[in-house]
Amino acid sequence: MPSLVETRTTASAGQVRISDVERTFPTKEGARTVLRDVTIDVVPGEIVAVVGPSGCGKSTFLRCLNRMNDTIPVCRVEGTITLDGEDIYDRRVDPVQ
180 MPSLVETRTT ASAGQVRISD VERTFPTKEG ARTVLRDVTI DVVPGEIVAV
230 VGPSGCGKST FLRCLNRMND TIPVCRVEGT ITLDGEDIYD RRVDPVQ
């Protein structure tokens, strides 16, 4: 019986490209942008630290990378985040896999 799930057999090299990422929260007054125009390239093997004062958007940024924002119905992430050239927000990408 053929499989209904497409599997990926190649190992990930770990190239991460974050381009023009923006995250805005809806508020009663309209919207509040907490991330704006974030662009970072991370090469395989590189170690990256996200540092800053409380409330500056560190956790919000990480939630964009691990797709935890998917659990918030009104959340939208603008821009592009790719892993080895594949858009992690493409609807064909399983966030659990």
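Residue numbers (the numbering used here): 180 to 276. Don't be surprised by glycine CBs; every beta carbon is placed ideally from N, CA and C. Treat the numbers as computed from the prediction; the structure is a model and nothing was measured.
Applying the 10 Å Cβ sphere with the 16-neighbour rule, what's the burial state of residue 243?
Indexing the sequence shown from 1 puts residue 243 at position 64. Classification of residue 243: buried, given that the 10 Å Cβ count is 16 or more.
In the structure shown, what three-state DSSP assignment does residue 198 receive?
Here residue 198 is taken as the residue at index 19 of the sequence shown, counted from 1. Note: residue 198 maps to strand in three-state DSSP.
Express the C-alpha separation of residue 265 and residue 235 in angstroms, rounding to a whole number.
The residue given as residue 235 occupies position 56 in the sequence shown. The residue given as residue 265 occupies position 86 in the sequence shown. The alpha-carbon atoms of residue 235 and residue 265 are separated by roughly 28 Å.
Do residue 211 and residue 203 have their C-beta atoms closer together than 9 Å?
Within the sequence shown, numbered from 1, the residue matching residue 211 stands at position 32. Within the sequence shown, numbered from 1, the residue matching residue 203 stands at position 24. Yes, Cβ-Cβ distance for residue 211 and residue 203 is below 9 Å.
Where does residue 211 sit, in a helix, a strand or coil, going by DSSP?
As a position in the sequence shown, residue 211 is number 32, starting the count at 1. Residue state, collapsed to three classes: strand.
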